[in-house]
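Sequence positions in the sequence shown follow my numbering and run 1 to 348.
All C-beta atoms in this analysis are idealised placements derived from N, C-alpha and C, irrespective of residue type, glycine included.
Structure first, then comments.
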Amino acid sequence: MAFDPQREDYQRLGLRFARSLKGKNAAQATREFITFGRRFAQDRDSLPQSDSDRAFHLVTLASRRIDYELPFADEQRAHRIIDDGHRILEEAISLDPHCYDAIRMKSAAASSSFDAFLTFLNERSDEVRTHCEEQRAAIPPDEPSERARLMANIAMRPYLRWVATQAEEALICGRNRESLRLAHKALELDPSDMADVRFTAALAYAKLEDESGLQEFIATRQKTRLARPSDDAWTRLALLSLAFKRHDLEEAIAHLDKLLDSYPHAAEALIRQNELPEGVFARLAVAPYSEDEIILALSEATVLLQEGIDLQGRGVLSTWLIQETARKRPQAMLAVLAQQANDAQSGR
Numbered sequence: 001m002a003f004d005p006q007r008e009d010y011q012r013l014g015l016r017f018a019r020s021l022k023g024k025n026a027a028q029a030t031r032e033f034i035t036f037g038r039r040f041a042q043d044r045d046s047l048p049q050s051d052s053d054r055a056f057h058l059v060t061l062a063s064r065r066i067d068y069e070l071p072f073a074d075e076q077r078a079h080r081i082i083d084d085g086h087r088i089l090e091e092a093i094s095l096d097p098h099c100y101d102a103i104r105m106k107s108a109a110a111s112s113s114f115d116a117f118l119t120f121l122n123e124r125s126d127e128v129r130t131h132c133e134e135q136r137a138a139i140p141p142d143e144p145s146e147r148a149r150l151m152a153n154i155a156m157r158p159y160l161r162w163v164a165t166q167a168e169e170a171l172i173c174g175r176n177r178e179s180l181r182l183a184h185k186a187l188e189l190d191p192s193d194m195a196d197v198r199f200t201a202a203l204a205y206a207k208l209e210d211e212s213g214l215q216e217f218i219a220t221r222q223k224t225r226l227a228r229p230s231d232d233a234w235t236r237l238a239l240l241s242l243a244f245k246r247h248d249l250e251e252a253i254a255h256l257d258k259l260l261d262s263y264p265h266a267a268e269a270l271i272r273q274n275e276l277p278e279g280v281f282a283r284l285a286v287a288p289y290s291e292d293e294i295i296l297a298l299s300e301a302t303v304l305l306q307e308g309i310d311l312q313g314r315g316v317l318s319t320w321l322i323q324e325t326a327r328k329r330p331q332a333m334l335a336v337l338a339q340q341a342n343d344a345q346s347g348r
């Protein structure tokens with residue numbers, strides 16, 4: 001369900017191309033539309049597009065660089081990627097001063113702290129919503145219904161990403177009730193939850209130690225037409241955390257077992273607990289139940305794992321997860337230790 005910038009870029013130009021065929025007979029329109037995919041991939045400039053479309057394309061380029069290349073780059077290459085990303089985002093804003101994705105992404109890098117970035121997001125949230133609603137209201141009434149629905153959805157996406165980012169930043173800043181309020185706001189706007197903001201909500205409920213609220217939230221979400229049940233890593237880690245806090249280790253272990261069963265690569269990820277930087281365009285688009293997803297969930301669940309620092313400098317829950325996972329999956333622990341030894345030898 002997560003936002004995919006490249007797919008959205010394709011959808012935006014596809015809609016504009018379809019509108020450009022208006023007035024042509026069915027045979028002509030079909031012949032021309034057959035060429036769209038090739039032209040999009042090989043000759044994009046030949047397609048009809050506005051400055052806002054060009055700006056969004058630049059956002060997709062910046063997102064690819066910052067969100068999907070930067071986390072795996074060495075220091076020298078990382079500096080080049082950051083510089084390129086900033087330059088691309090500035091160009092996007094110069095093309096479209098209302099390119100709020102670029103504005104938000106640029107501010108994420110420029111803000112001096114998480115609190116400063118959250119303040120920026122809060123201050124401009126109403127402005128973003130007004131602009132997106134104006135774009136939605138400007139859809140011609142004679143558009144075919146299916147196309148009009150997609151146009152309306154795309155028009156509101158920058159605001160949904162804005163609110164989802166607000167919720168994530170509020171969670172990081174320890175403003176858990178605010179995070180939960182914003183998550184529910186996003187879900188009211190988009191019950192299908194393209195922003196996957198329900199994951200943020202699950203973590204916020206756990207931070208507030210509101211187990212009944214989380215269970216009610218899960219039950220309510222299960223009634224909607226989601227593509228998957230609430231057995232994702234974020235929800236499972238939230239439930240595990242709550243059980244651990246009330247010293248119900250039997251239930252905590254049961255949640256851990258389900259996590260290990262649902263995610264084939266969970267054991268090594270739980271032992272390593274590597275942190276990924278936040279996606280600046282949106283939460284990273286990863287495959288459900290993949291290794292990437294469990295790593296991403298653990299990284300975002302740091303707010304739970306690092307509570308109550310122990311003698312080893314880790315959070316109490318973090319240490320327990322490592323020890324319990326190693327006990328259940330000793331081969332995974334050996335694999336992690338071997339990799340750490342190799343990394344130390346190679347100087348990484």
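For H79, the enclosing alpha helix (DSSP H) stretches over residues E75 to L95.
Of the candidates A254, E75 and G85, the residue whose Cα lies closest to the Cα of S63 is G85. Burial is judged here by how many other beta carbons sit within 10 angstroms of a residue's own beta carbon; N176 has at least 16 and is buried. Exclusion of the five residues before and after L249 leaves A243 as the residues of its chain whose Cβ lies within less than 8 angstroms of its Cβ. According to the DSSP assignment, T319 belongs to the alpha helix (DSSP H) that extends over V316 to K328. Per the coordinates, the alpha-carbon of Q345 lies some 14 angstroms from the alpha-carbon of V336. For C99, no alpha helix (DSSP H) segment is defined, and its DSSP state is neither H nor E. Annotation for L58: I88, E91 and A92 place their beta carbon closer than 6 angstroms to its own, counting only its chain and skipping 5 residues before and after.
Around the Cβ of K223, a 10 Å sphere holds fewer than 16 other Cβ atoms; the residue is exposed. Taking C-alpha positions only, P5 is separated from A164 by approximately 15 angstroms. One Cα belongs to E127, the other to R104, and the distance between them is close to 12 angstroms. Membership of H265 in any alpha helix (DSSP H) is not indicated, and neither H nor E is assigned to it by DSSP. If only complete runs of 4 or more residues are kept, the segment 200-233 shows the alpha helix (DSSP H) at 211-222, in order along the chain. Excluding residues up to 5 positions away in sequence, P71, I295, L296 and S299 lie with their Cβ nearer than 7 angstroms to the Cβ of L276 in the same chain.
Straight through space, the alpha carbons of E291 and P264 are spaced by roughly 7 angstroms. Residue ranges of uninterrupted alpha helix (DSSP H) with 4 or more members, entirely inside the segment 132-202 and ordered along the chain, are 145-172 and 176-189.
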